[in-house]
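Structure first, commentary second.
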Amino acid sequence: MPELPEVETVRRLLEPDLVGARVKEAWADLERITMPSVGEFIEGMQGRRILEARRHGKQLYFPLDDRRFMLAHLGMTGRLHVERDVEEIIGAPHVHGVLFLSRGRRLVYHDPRTFGFLGIADDTGFLSRMGPDPSLPDFDEESVVACLEGRSVRVKAALLDQRFVAGLGNIYADEVCWQARVHPEQRLGTMSRRRLREVVSFIRPVLERALEAHGATLKSKTYETLFGVGGDYLPDVYERTGEPCNRCGTVIRHGVLSGRSYHFCPRCQRKR
19 MPELPEVETV
29 RRLLEPDLVG
39 ARVKEAWADL
49 ERITMPSVGE
59 FIEGMQGRRI
69 LEARRHGKQL
79 YFPLDDRRFM
89 LAHLGMTGRL
99 HVERDVEEII
109 GAPHVHGVLF
119 LSRGRRLVYH
129 DPRTFGFLGI
139 ADDTGFLSRM
149 GPDPSLPDFD
159 EESVVACLEG
169 RSVRVKAALL
179 DQRFVAGLGN
189 IYADEVCWQA
199 RVHPEQRLGT
209 MSRRRLREVV
219 SFIRPVLERA
229 LEAHGATLKS
239 KTYETLFGVG
249 GDYLPDVYER
259 TGEPCNRCGT
269 VIRHGVLSGR
279 SYHFCPRCQR
289 KR
C-alpha cells in the first residue's frame with residue numbers, strides 16, 4: 019500500500035538515523051525479495067557507509083560510500099524502521115532484512131506479504147524505467163499529458179503505470195479521479211487534451227495534501243509510520259464504499275479494473 023506520500027514520510031523519518039551511519043553487519047533471508055541475491059546483498063552492504071536517503075516515486079534508494087546504491091521498495095505491506103533496543107530481531111515473524119548500524123541501531127525490513135524488496139545496485143539505471151516524480155519541482159504536466167493523449171488505456175490504469183508517473187497507487191489514483199470528476203474506467207482516447215490536462219493537474223495537489231498529513235489512515239491499517247501510527251490523510255473516496263460522497267452526498271461505489279478495485283461517485287464521475 020505505501021505510495022509516494024507514505025514512502026516520503028518513511029524517508030524523512032529514517033534520514034537522521036541512516037545518513038552517515040556505517041553498516042557493521044547485514045542479514046537477509048529471502049532470495050526472492052533480495053536483489054541480486056541474499057549473498058550479494060549482504061556482502062555488498064557489509065562495512066558500507068550510507069551517504070544519503072533519497073526517493074523517486076515509491077522507490078527508496080541510498081547512495082553508499084563505494085558509489086553503489088542500496089535499494090528498498092515497500093511493496094504492499096513492507097515497513098522499514100529503526101530499532102534502538104537490544105531485543106532479538108532475527109527470526110522474528112516477517113522480518114526479512116536487518117542492517118546493524120554503527121550507532122548501536124538496527125534498520126529492520128519487515129514485510130508480511132513479501133511484495134517489496136531490498137537490493138544493491140551499481141548505478142541508478144533503475145530510475146530510467148520510471149516516469150517523472152510529481153513531488154519534484156521540475157514535474158512537467160504537459161509532458162505527461164502528451165504521453166497519455168490518445169491511448170486506449172483507462173484513466174486509472176494509466177495513473178497506476180509507473181512508466182507514466184511515478185508514485186501513484188490505488189489510493190491516490192482514486193483520489194485524483196475523484197478530484198477531476200472522471201470515471202476510473204474512462205479511456206484516455208475518448209478524452210480531449212483539455213480534459214486530460216485537468217486530470218493531470220490534480221496529481222500534485224492530491225499528493226501534496228497527503229504529504230502534509232504524513233500519508234493515509236486506512237481501515238485496513240496497512241501503513242504505519244516508524245512510530246507505529248498511520249498518517250492523517252483521510253481519503254475522499256478510497257475505501258469509502260457505501261458512504262456518502264463528500265461533494266454531492268451520493269453513495270460511493272466500487273468496481274474492479276484489471277484485478278484491482280477502484281472507488282468512485284456515480285454522480286460526480288459519470289463514464290462518458
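Residue numbering for the sequence shown follows our numbering, starting at 19 and increasing by one per position. The beta-carbon is built from N, C-alpha and C at its ideal position, and this holds for glycine as well.
Query                                                                                                                                                          : Result
Count the CB pairs spanning the stretch 94–113 and the stretch 56–74 that are closer than 8 Å, and state whether there are at least three.                     : no
In whole angstroms, what separates the C-alpha of Val170 from that of Ala139?                                                                                  : Here residue 170 turns out to be Ser, not Val, going by the sequence shown. Spanning the two alpha carbons is a distance of roughly 35 Å.
Just to confirm before moving on: does the CB-CB distance between Leu225 and Gly185 stay below 8 Å?                                                            : yes
What do you reckon, are the CB atoms on Gln197 and Phe220 nearer than 8 Å?                                                                                     : yes
Taking contact to mean at least 3 C-beta pairs separated by less than 8 Å, is the stretch 267–277 in contact with the stretch 204–217?                         : no
So, does the stretch 131–138 touch the stretch 152–169, judging by three or more C-beta pairs under 8 Å?                                                       : no
Can you check DSSP and say which residues form a bridge with Thr52?                                                                                            : Leu136
Is there contact between the stretch 105–116 and the stretch 144–151, where contact requires at least three CB pairs shorter than 8 Å?                         : no
So, with DSSP's three-state summary, where would you put Lys289?                                                                                               : coil
Buried or exposed: where does Gly109 fall if 16 or more other Cβ atoms within 10 Å of its Cβ makes it buried?                                                  : exposed
Reducing DSSP to helix, strand and coil, say where Phe87 ends up.                                                                                              : strand
What are the start and end residues of the alpha helix (DSSP H) that includes Leu214?                                                                          : Arg211 to Ser219
What whole-angstrom Cβ distance do Arg124 and Ala39 have, given they're in contact under 8 Å?                                                                  : Contact doesn't hold; Cβ gap of about 10 Å is too wide.
Suppose you measure from the CA of Thr259 to the CA of Ile68; what does that come to, to the nearest Å?                                                        : 43 Å
Report the partner residues of Ile107 according to the DSSP bridge assignment.                                                                                 : DSSP, once it has assigned bridges, lists no residue as partnering Ile107.
Applying the criterion that 16 or more other CB atoms from any shown protein chain within 10 Å of the CB defines a buried residue, is Ala46 buried or exposed? : buried
Please report how far the alpha carbon of Leu206 lies from the alpha carbon of Gly65, in whole angstroms.                                                      : 49 Å
Would you check if the distance between the CB atom of Leu117 and the CB atom of Ala71 is smaller than 8 Å?                                                    : no
In the DSSP output, what is Pro150 paired with across the bridge?                                                                                              : Per DSSP, none; premise fails for Pro150.
By DSSP's criteria, Val255 is part of a beta bridge. Which residues make up the other side?                                                                    : In the DSSP output, where bridge partners are listed per residue, Val255 has none listed.
Look up Cys81 in the DSSP assignment and give the residues it is bridged to.                                                                                   : The sequence given here has Pro at residue 81, not Cys. Looking at the DSSP assignment, Pro81 forms a beta bridge with Phe87.
As a quick exercise: from Pro202, Ala164, Lys42 and Glu24, pick the residue whose alpha carbon is nearest that of Leu177.                                      : Pro202
Smallest Cα separation from Glu21: which of Pro262, Ala234 and Gln204?                                                                                         : Ala234
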